[in-house]
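Enquirer:
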Amino acid sequence: MIWNEKIECASREEMRDIQSERLKQTVSRIYHNVPSYRQKMQEVGLVPDDIKSVDDLSKLPFTLKTDLRDNYPFGLFTVPMSEIVRIHASSGTTGKPTVVGYTRKDLNNWAEMITRGLCMAGVHRDDIVQVAYGYGLFTGGLGMHYGCENLGASVIPISGGNTDKQLQLMQDFGTTVLACTPSYSLHLGEELAAKGIKKEDLKLRIGIFGAEPWTENMRKEIEASLGIKAIDIYGLSEIMGPGVSCECEHQAGMHIMEDHFIPEIIDPITLQPLPAGEVGELVFTTITKEGIPLIRYRTRDLTRLNYEKCACGRTLVRMEKCKGRSDDMLIIRGVNVFPSQIESVLLEMSETAPHYLLIVEREGNLDTLKLMVEVQEQFFSDEIRQLEALRKKITHKLQSTLGISVDVKLVEPKTIERTAGKAKRVIDNRKL
Amino acid sequence: MIIKQLSVFLENKTGRLNEVTQLLGNSGINMSAMSLADTSEFGILRMIASEPDKALLLLKEAEFSVRLTDVVCLNSPNEPGALARALNILSGEGVFIEYLYAYSMDNKSANIVLKPDNIQKCIEVLQAHKMELVSASDMYKI
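Residue numbers (my numbering), protein chains in the order written: chain A, 25 to 456; chain B, 21 to 162.
Next up, the structure:
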């Protein structure tokens, strides 16, 4: 079923007209409400009237994650707080989270996007959806939740973790759709097997997985272990949350909700737009958002776009699975981690940041983070309990900054390999 | 009465202790006492060496995490109950011991290296009770 056929199957010309009209409104809205972006436009000599259609999009300055940080917490909002009905946040680069606010209309739009995505995936109102994304500041849980309710499906808001309970409810309630990170779905599959529960005894038929990168091989593994169709969903909190794009049953790229977000692909070095089909950095302009509209937001995700009509009948442009990042961000268990966050935690412990190495592994199916910290003089104590206390302090501080647990190991100076005097900061051993 | 102990951070890896002892041995530095404290992941080597400042420099040059720590050394009769008497006095006066290691040289006496929380108070208490402390210069010579 196609939830909003008029939009999802619109011709390119129709979509262009919708986008142009909404883009003009958004640019004007931001120009008049966000001083920092108005200044950016003035610096390149632009006024809102210069933007007449989507063809003028590339004239506009970019918005970066640092812009959200510099205007922390609510500086980029274009409505008074009385209009904001929900706030979400994701981890930022320096410990300060990236904050987004939603108006009632934003939430309604978001719910519809997820509903469209669920329909693309083949979910209907008779389904029982187990939402095992985290509920809270993270957009995954609540975003998915309201999209399922909007569709009319039955939602089990179990949130993340607690694997035994997940499996129990999955059996007792007859869950038909699972929504979580792909790595967690693999973990659930393993636990099922370990408990001797056959996938045939479950009613699961569809999985909606996102919030972290995964491969086609992982898809095959998940589909085999749970006996389901695994659907990829994409999103980022700055733009909306999950549901910015979603795959249909043909699993041939994720349909972007183009009537809400205009995608562009740019060369991350020259910052020039690239022709359709070329791989580059994905940039989004939100055109319906009221709480925190963003113009040409650089996602740092590398992908490419396909404007051909899909076999499902939809004309919404499709993006490929992301091929990597144009910065050093890591996604661990759905959580964004920047090496600079770790550096700032270590800097709080002493005057000079020690050398460190972050090792990402996939053990079983869960991502783990190990941090090796060189014990240099400023850290060293001759008492074991002091060193243990230091290790615990780093562990605790990282946990509260990053939101995920890190295994901290103290190592001798010069243990961590340097190349040309510069230490390597991250080793990602996950085979993605 | 204060003795400079060398403390070295060691990961639990084969050959690391050997590197320290070779380095000091090649430079003619003798070790009179040592103890290795270990946890599941790392260890701390504590030792009394004949030339602590020189040993410190050597180990630093070899890029070990190393520092000098103030400790005291109590010379106690090598007989049942002797250590208990000393510890009784210290705990009675509220001196907290972070760690200690001991070795006996012959039938007559034993040396106990102590790292107290308050080293001045520890020395005063032991001296007030006529306990025999080993001087730094004697300790480095052993």
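Heads up, the beta-carbon is just placed ideally off N, CA and C, and yes, glycines get one too.
The structure displayed is predicted, hence computed values, not measured ones.
Give the DSSP-derived three-state secondary structure of glycine 112/B in the structure shown.
Expert: Three-state DSSP puts glycine 112/B in a helix.
Enquirer: Excluding five sequence neighbours on each side, which residues of the same chain lie with their C-beta closer than 8 Å to the C-beta of valine 115/B?
Expert: Within the same chain, valine 115/B has close Cβ partners Pro136, Asp137, Asn138, Lys141, Cys142, Val145.
Enquirer: Against leucine 76/B, what residues of chain A qualify as contacts under a CB-to-CB distance less than 8 Å, listed in chain order?
Expert: Ordered by position in chain A, no residue passes the 8 Å Cβ test against leucine 76/B, which lies about 11 Å from the chain.
Enquirer: Any beta carbon of chain A sitting closer than 8 Å to that of phenylalanine 116/B?
Expert: It does not: the Cβ of phenylalanine 116/B has no partner Cβ on chain A nearer than 8 Å.
Enquirer: Closest by CA to serine 207/A, which one among Lys244/A, Thr200/A, Glu344/A?
Expert: Selected option, being the one with the closest Cα: Lys244/A.
Enquirer: Quick check on the DSSP output: the beta strand (DSSP E) that includes asparagine 154/A runs from which residue to which?
Expert: Residue identity differs from the one stated: residue 154/A is glutamine in this sequence, not asparagine. Segment 152 to 155, the beta strand (DSSP E) holding glutamine 154/A.
Enquirer: Is the beta carbon of glycine 251/A sitting closer than 8 Å to the one on leucine 228/A?
Expert: Result yes, Cβ atoms of glycine 251/A and leucine 228/A sit closer than 8 Å.
Enquirer: Quick one: is glutamine 43/A buried, meaning 16 or more other Cβ sit within 10 Å of its Cβ, or exposed?
Expert: It counts as buried.
Enquirer: What are the start and end residues of the alpha helix (DSSP H) that includes arginine 386/A?
Expert: Counting along the chain, arginine 386/A falls outside any alpha helix (DSSP H), though it belongs to the beta strand (DSSP E) covering 380 to 387.
Enquirer: Roughly how far, in whole angstroms, is the beta-carbon of glycine 63/B from the beta-carbon of alanine 57/B, given that I think they are within contact range, below 8 Å?
Expert: The Cβ separation is near 6 Å, so the contact holds.
Enquirer: In the region 42 to 67 of chain B, which residues sit with their C-beta less than 7 Å from some C-beta in chain A, listed in chain order?
Expert: From the region 42 to 67 of chain B, only Ala57, Thr59, Glu61, Phe62, Ile64, Arg66 have a Cβ closer than 7 Å to chain A.
Enquirer: Reducing DSSP to helix, strand and coil, say where cysteine 33/A ends up.
Expert: Coil, per DSSP.
Enquirer: With H, G and I counted as helix, E and B as strand and the rest as coil, what does DSSP make of valine 51/A?
Expert: Looking at valine 51/A - three-state DSSP - the assignment turns out to be helix.
Enquirer: Taking Cβ-Cβ distances below 9 Å as the criterion, which residues of the region 387 to 399 of chain A are in contact with chain B?
Expert: The residues in question are Glu398, Val399.
Enquirer: Helix, strand or coil for methionine 396/A? Go by DSSP, reduced to three states.
Expert: Reduced to three states, the DSSP call for methionine 396/A is strand.
Enquirer: Express the C-alpha separation of threonine 339/A and serine 35/A in angstroms, rounding to a whole number.
Expert: Approximately 7 Å between the Cα atoms of the pair.
Enquirer: For the alpha helix (DSSP H) holding glutamate 412/A, just list the boundary residues, first then last.
Expert: Glutamate 412/A -> alpha helix (DSSP H) spans 408 to 426.
Enquirer: Where do the ends of the alpha helix (DSSP H) carrying methionine 373/A lie?
Expert: Where methionine 373/A is concerned, the enclosing alpha helix (DSSP H) stretches over 363 to 373.
Enquirer: For chain B, find out if any of its Cβ atoms is closer than 8 Å to the Cβ of aspartate 406/A; answer yes or no.
Expert: Cβ-Cβ to chain B under 8 Å: yes for aspartate 406/A.
Enquirer: Compare the beta carbon distance of methionine 264/A and glutamate 271/A with 8 Å and say whether it is the shorter of the two.
Expert: Taking 8 Å as the Cβ cut-off, methionine 264/A and glutamate 271/A do not qualify as a contacting pair.
Enquirer: Please name the residue, chosen from Thr199/A, Glu387/A, Thr187/A, that lies closest to glutamate 224/A on a Cα-to-Cα basis.
Expert: Closest by alpha carbon: Thr199/A.
Enquirer: For isoleucine 451/A, count the other beta carbons within 10 Å of its own beta carbon; 16 or more makes it buried, fewer makes it exposed. Which is it?
Expert: Under this definition isoleucine 451/A is an exposed residue.
Enquirer: Is the region 324 to 341 of chain A close to the region 274 to 292 of chain A, with three or more CB pairs under 8 Å?
Expert: Yes: at least three Cβ pairs fall under 8 Å.
Enquirer: Quick check on proline 97/B: does DSSP put it in helix, strand or coil?
Expert: Residue state, collapsed to three classes: strand.
Enquirer: Within the same chain, show all residues whose beta-carbon is closer than 6 Å to that of valine 51/A, passing over the 5 residues directly before and after it, in chain order.
Expert: So the list reads Pro72, Ile75, once near-sequence residues are dropped.
Enquirer: From what residue to what residue does the alpha helix (DSSP H) around threonine 163/A run?
Expert: Here the alpha helix (DSSP H) through threonine 163/A covers 163 to 175.
Enquirer: Run through DSSP, which three-state label would valine 269/A get?
Expert: The sequence shown places serine at residue 269/A, not valine. Serine 269/A: strand per DSSP, three-state reduction.
Enquirer: From glycine 445/A to histidine 379/A, what does the alpha carbon distance come to, in whole angstroms?
Expert: The predicted position of glycine 445/A is uncertain, since its pLDDT is 48 and thus under 50; a value taken from the coordinates is nonetheless stated next. About 11 Å.
Enquirer: Between the beta-carbon of glycine 220/A and the beta-carbon of isoleucine 255/A, is there less than 8 Å?
Expert: Not closer than 8 Å, so no.
Enquirer: Out of Lys30/A, Leu47/A, Ala177/A, which one is the CA nearest neighbour of isoleucine 286/A?
Expert: Taking only the C-alpha atoms, the option nearest isoleucine 286/A is Leu47/A.
Enquirer: Name, in chain order, the residues that DSSP records as bridge partners for serine 27/B.
Expert: DSSP output for serine 27/B lists Arg66/B, Arg87/B as bridge partner(s).
Enquirer: In three-state DSSP terms, what is serine 207/A?
Expert: Helix at serine 207/A.
Enquirer: Using the C-alpha atoms, what's the distance from methionine 65/A back to phenylalanine 362/A?
Expert: Distance between the alpha carbons of phenylalanine 362/A and methionine 65/A: 29 Å.
Enquirer: Using a C-beta to C-beta distance shorter than 9 Å, which residues of chain B count as neighbours of lysine 434/A?
Expert: Checking the sequence shown, residue 434/A turns out to be leucine, not lysine. Neighbours of leucine 434/A on chain B, chain order: Phe29, Glu31, Glu61, Phe62.
Enquirer: Buried or exposed for glutamine 365/A, please, with buried defined as at least 16 other CB atoms from any protein chain shown within 10 angstroms of its CB.
Expert: Glutamine 365/A should be labelled buried.
Enquirer: For the region 84 to 110 of chain B, enumerate the residues whose C-beta is nearer than 8 Å to any C-beta of chain A, in chain order.
Expert: Within the region 84 to 110 of chain B, the residues whose Cβ lies closer than 8 Å to some Cβ of chain A are Phe84, Ser85, Val86, Arg87, Thr89, listed in chain order.
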